[in-house]
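Participant: In my numbering, the protein residues as written are 4 to 598. C-beta: ideal position from N, C-alpha, C; glycine also. The structure displayed is predicted, hence computed values, not measured ones.
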Amino acid sequence: MATCWQGLWAYRFYLIVFFLPIFLLPLPILILTKEAYCAYTIILMAFLWCTEALPLAITAFLPTVMFPMMGIMGASVVSTEYLKDSNMLFIGGMLVALAVEHWNLHKRIALRVLLTIGVRPSLLILGFMVVTAFLSMWISNTATTAMMVPIAHAVLDQLHETPTGTDAEEGRNNPAFELQEPSPQKEETKLDEKDNKQDGPAHPVPSESRAQRNEEQLRFTQGMSLCVCYSASIGGIATLTGTTTNLVLQGQVNSIFPQNGNVVNFASWFFFAFPTMVILLLLSWVWLQFLFLGFNFRKSCGLGDQMRKQERAAFEVIRREHKRLGPMTFAEKAVTILFVLLVVLWFTREPGFFTGWGNLAFSDENGNSMPSDGTVAILIGVILFIVPSKIPGLTQEPGKPGKLKAPPALLNWTIVKEKMPWNIVLLLGGGFALAKGSEESGLSKWLGDKLTPLESVPPPAIALILCLLIATFTECTSNVATTTIFLPILASMSQAICIHPLYVMLPCTLSSSLAFMLPVATPPNAIAFSFGGLKVKDMARAGFMLNIIGVLVITLAINTWSIPMFDLHRFPSWAQSNTTGFCGVSQANVTTPSP
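(1) Taking Asp376 as part of the alpha helix (DSSP H), name the residues at either end of that continuous run.
(2) Helix, strand or coil, according to DSSP, for Pro185 in the structure here?
(3) From Glu196 to Phe223, what does the alpha carbon distance come to, in whole angstroms?
(4) Got a sec? Which residues, its chain only, sit under 8 Å from Ala412 by beta carbon, not counting five neighbours each side?
(5) For Leu493, which residues in the same chain have their Cβ closer than 8 Å to its Cβ, ignoring the five residues on either side in sequence?
(6) State the DSSP-derived secondary structure class of Ser271, mapped to helix, strand or coil.
(7) Within its chain, find whatever has a CB closer than 6 Å to the CB of Leu454; leave out the 5 residues flanking it on each side and keep chain order.
(8) Beta-carbon within less than 8 Å of Leu18's beta-carbon, same chain only, minus the 5 sequence neighbours each way: which residues are those?
(9) Comparing C-alpha positions only, which one of Cys479, Ala518 and Leu114 sits nearest to Leu138?
(10) What do you get for Tyr14, buried or exposed, if any count of 16 or more other CB atoms within 10 angstroms of its CB means buried?
(11) Classify Asn371: buried if its beta carbon has 16 or more other beta carbons within 10 angstroms, exposed otherwise.
(12) Starting from the N-terminal side, write out each stretch of the beta strand (DSSP E) that is 3 residues or longer and does not extend beyond the segment 309-353.
(13) When you compare the CB positions of Leu429 and Ala63, do they come within less than 7 Å of one another, or not?
(14) Going by DSSP in three states, Pro461 sits in which element: helix, strand or coil?
(15) Three or more beta-carbon pairs under 8 Å between the segment 431-450 and the segment 252-263, yes or no?
(16) What does the alpha-carbon distance come out to for the pair Ala5 and Cys479?
(17) May I have the straight-line CA-CA distance separating Phe273 from Phe476, to the nearest angstrom?
(18) Starting from Lys420 and walking both ways along the alpha helix (DSSP H), at which residues does that stretch end?
(19) Starting from the Cα of Val320, find the closest Cα among Pro463, Ser79, Leu117 and Thr54 and give me that residue.
(20) Assuming the contact rule is C-beta atoms closer than 8 Å, Ile557 and Ser515 should be a hit. Round their C-beta distance to whole Å, please.
(21) Phe275 and Leu243 - do their beta-carbons sit closer together than 7 Å?
(22) Is Ile427 near Thr247, with beta carbons less than 7 Å apart?
(23) Got a sec? Which residues, its chain only, sit under 6 Å from Phe93 by beta carbon, not counting five neighbours each side?
(24) Return the chain-ordered list of same chain residues with a C-beta closer than 7 Å to the C-beta of Trp360, the five sequence neighbours on each side being excluded.
(25) If you run the structure through DSSP and keep just helix, strand and coil, what is Pro391?
(26) Should Asp367 be labelled buried (16 or more other beta-carbon atoms within 10 Å of its own) or exposed?
(27) Are the beta-carbon atoms of Ile381 and Met91 separated by less than 7 Å?
(28) Work out the CA separation of Phe365 and Thr358 for me, nearest whole Å.
(29) Report yes or no: do the segment 219-234 and the segment 449-467 share at least 3 C-beta pairs separated by less than 8 Å?
(30) Taking C-alpha atoms, which residue in Ala235, Val20 and Ile142 lies nearest to Ala529?
Rendered as structure tokens:
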């Protein structure tokens with residue numbers, strides 16, 4: 004019997020892929036409407052995304068097969084949904100992020116900030132959280148975590164293992180900092196330790212004090228690991244390109260409401276989400292400080308001679324690694340300039356509160372900017388393939404005297420081919436195709452009609468409940484899949500009950516990044532968990548409260564500064580054009596219950 008269950012478990016993905024479509028067949032067979040056909044496709048893809056029986060990107064291809072065969076949309080129409088402006092923004096942003104990673108600019112920024120903040124326990128946690136969150140705003144959460152966790156553990160080794168001031172002055176070698184690279188000094192260090200042991204026994208330490216110290220060190224290590232992975236997820240919400248779910252929202256809004264006037268762009272998103280990120284990051288630091296360090300000021304601030312010696316050793320590790328990077332190269336300076344230029348162009352293209360360069364120089368007949376954020380990102384991405392990585396000049400090729408060659412560009416296709424997450428591009432396209440199919444089949448209107456009873460519920464209560472639902476759901480499935488499934492439904496609901504679509508879509512998009520409780524919830528969690536020292540219950544205990552804090556902060560944001568920014572107190576005309584009824588301004592007030 005046990006062997007039978009083991010066999011079923013081993014073949015579970017094959018069984019899901021084979022039997023799930025058959026199990027759902029009564030829906031399109033008994034209800035012969037386009038709405039039912041589209042619902043069948045969405046439910047099938049939702050289960051496949053949740054179980055990951057097929058790769059997420061492969062599941063995203065299903066609309067190209069299902070919609071034409073069910074008569075919902077033509078194949079050419081479906082295919083155009085897979086490479087929209089949001090996809091181009093993602094590709095361009097990733098090209099810049101890959102260049103930053105390739106030339107180690109992110110590591111230089113991280114080490115420089117840590118040297119500035121210092122290595123006292125509470126400030127060290129804050130420093131790692133600030134650095135990780137900032138880097139995660141621009142490069143992938145996974146890459147940021149993969150770089151910062153080894154650095155954190157290298158610093159922790161010095162804080163926990165340095166008994167004297169000698170090592171503090173010299174700095175001990177730590178292989179974690181080199182990401183498992185071999186070190187020629189490792190054997191010498193072991194021999195020195197062995198000689199020191201033979202010279203004489205160390206001073207005896209009471210067992211109770213040693214056990215207490217080990218427990219404190221373990222808790223500090225757990226706090227450091229969690230602070231890195233949590234701040235990577237938190238930092239990603241601050242910019243439109245920081246995490247894929249933000250781009251899913253932009254693409255869904257543009258697809259479902261094509262007349263929205265580019266309401267969600269880089270500048271508008273940043274001014275809404277950045278304060279939210281800062282508040283959530285600081286509250287997360289306070290919670291982790293309380294949970295893993297307590298409020299012992301003397302210990303948290305690193306007072307005491309022994310702590311100062313250990314701090315000097317940890318500081319020396321960071322300083323040595325920063326020194327090893329050497330002075331900034333021409334390539335790093337060039338990438339920095341292009342990165343700053345990209346951010347400036349994003350902010351000034353169409354800011355809303357003054358005439359941007361897009362409206363001024365490249366406007367259409369209505370005065371709107373024709374270039375988009377994706378246009379700017381692709382432009383800078385192309386320039387990365389043109390600018391040389393060294394000061395222009397001819398150098399001799401090593402081993403081939405007399406043969407001259409030009410320096411390589413800042414970015415090349417080999418790097419892009421290996422590191423670009425093309426699966427996310429396809430996943431985004433699948434979500435846009437689903438949203439378009441829901442609109443074309445009439446499923447969106449049908450859902451809206453069924454959700455009209457929610458009109459009697461106060462909008463703030465609706466937003467809070469939806470945030471809790473999304474935050475729970477995203478612990479068990481991909482955050483991109485979560486937003487892809489829920490956002491079209493939320494758009495239909497907002498039209499049915501006459502509230503601004505962004506009033507529910509914005510907070511739910513942010514809530515999908517609150518994956519803090521489980522190692523499998525998001526790649527940064529898995530990376531931190533893989534370094535050891537953490538149990539699932541430790542992450543669940545810390546993450547549960549962070550989920551609650553995150554939902555409350557997002558609720559605060561959507562009911563305060565986001566209302567004047569996006570004009571959330573009234574139902575917009577661009578959303579009303581897709582509905583059959585009429586929503587008055589008084590019905591769309593998000594601060595009072597609807598009549």
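Facilitator: Quick look at the numbers:
(1) Numbered from its first residue, the sequence shown carries residue 376 at position 373. Taken as a continuous stretch (DSSP letters only), the alpha helix (DSSP H) holding Asp376 covers Asp376 to Leu387.
(2) Taking the sequence shown and counting its residues from 1, one reaches residue 185 at position 182. Low confidence applies here, because Pro185 scores a pLDDT of 37, under 50, leaving its location unreliable; read the following figure in that light. Coil.
(3) As a working note, residue 196 is residue 193 in the sequence shown. As a working note, residue 223 is residue 220 in the sequence shown. Confidence in Glu196 is poor, its pLDDT being 42 and thus under 50, which makes the residue's placement too unreliable to answer from.
(4) To locate residue 412, count along the sequence shown from 1; it is residue 409. Cβ neighbours of Ala412 beyond the five flanking positions: Leu387, Phe388, Ile389, Val390, Pro391 and Ser392.
(5) Counting from one through the sequence shown, the residue named residue 493 turns up at place 490. Closer than 8 Å at the Cβ level, and outside the excluded window around Leu493, lie Leu469, Pro504, Val507, Met508 and Cys511.
(6) For the purposes of this step, residue 271 is taken as the residue at position 268 of the sequence shown. Helix at Ser271.
(7) Numbered from its first residue, the sequence shown carries residue 454 at position 451. Cβ within range, chain order: Met496 and Ala499.
(8) Within the sequence shown, numbered from 1, the residue matching residue 18 stands at position 15. Contacts found: Leu11.
(9) Taking the first residue of the sequence shown as 1, we reach residue 138 at position 135. When only C-alpha atoms are compared, the closest one is Leu114.
(10) Against the sequence shown, residue 14 aligns to sequence position 11. Exposed: under 16 other Cβ atoms inside 10 Å.
(11) Position 368 of the sequence shown, counted from the start, is the residue given in the question as residue 371. Asn371 comes out exposed.
(12) none
(13) Reading the sequence shown from its first residue, position 426 is the one you call residue 429. Reading the sequence shown from its first residue, position 60 is the one you call residue 63. The criterion of a C-beta distance shorter than 7 Å is satisfied by Leu429 and Ala63.
(14) The count along the sequence shown starts at 1 and reaches residue 461 at position 458. Residue state, collapsed to three classes: coil.
(15) yes
(16) Walking along the sequence shown from the start, residue 5 turns up at place 2. Walking along the sequence shown from the start, residue 479 turns up at place 476. So the two alpha carbons sit approximately 27 Å from each other.
(17) As a working note, residue 273 is residue 270 in the sequence shown. As a working note, residue 476 is residue 473 in the sequence shown. Roughly 25 Å between the two C-alpha positions.
(18) Numbered from 1 along the sequence shown, position 417 holds the residue referred to as residue 420. Note, Lys420: alpha helix (DSSP H), Trp416 to Lys422.
(19) In the sequence shown, counting from the first residue as 1, residue 320 sits at position 317. Considering only alpha carbons, the answer is Leu117.
(20) Locating residue 557 in the sequence shown gives position 554, where the first residue counts as 1. Locating residue 515 in the sequence shown gives position 512, where the first residue counts as 1. Under the criterion of beta carbons closer than 8 Å, Ile557 and Ser515 do not qualify as touching, at roughly 11 Å.
(21) As a first step, residue 243 is located in the sequence shown; it is residue number 240 there, counting from the start. As a first step, residue 275 is located in the sequence shown; it is residue number 272 there, counting from the start. Taking 7 Å as the Cβ cut-off, Leu243 and Phe275 do not qualify as a contacting pair.
(22) Position 424 of the sequence shown, counted from the start, is the residue given in the question as residue 427. Position 244 of the sequence shown, counted from the start, is the residue given in the question as residue 247. For Ile427 and Thr247, yes; Cβs fall inside 7 Å.
(23) The residue you call residue 93 lines up with position 90 of the sequence shown. Leu250, listed in sequence order.
(24) Here the question's residue 360 lines up with position 357 in the sequence shown. Hits under 7 Å: Thr351 and Arg352.
(25) Taking the sequence shown and counting its residues from 1, the one referred to as residue 391 is at position 388. Three-state result, Pro391: strand.
(26) Stepping through the sequence shown from its first residue, residue 367 is reached at position 364. By the 10 Å Cβ count, Asp367 comes out exposed.
(27) Residue numbering aside, residue 381 sits at position 378 when the sequence shown is read from its first letter. Residue numbering aside, residue 91 sits at position 88 when the sequence shown is read from its first letter. A contact, by the Cβ cut-off of 7 Å.
(28) Stepping through the sequence shown from its first residue, residue 358 is reached at position 355. Stepping through the sequence shown from its first residue, residue 365 is reached at position 362. Roughly 12 Å separates the two Cα atoms.
(29) no
(30) Counted from its first residue, the sequence shown places residue 529 at position 526. Check the Cα spacing between Ala529 and each of Ala235, Val20 and Ile142: the tightest is with Ala235.
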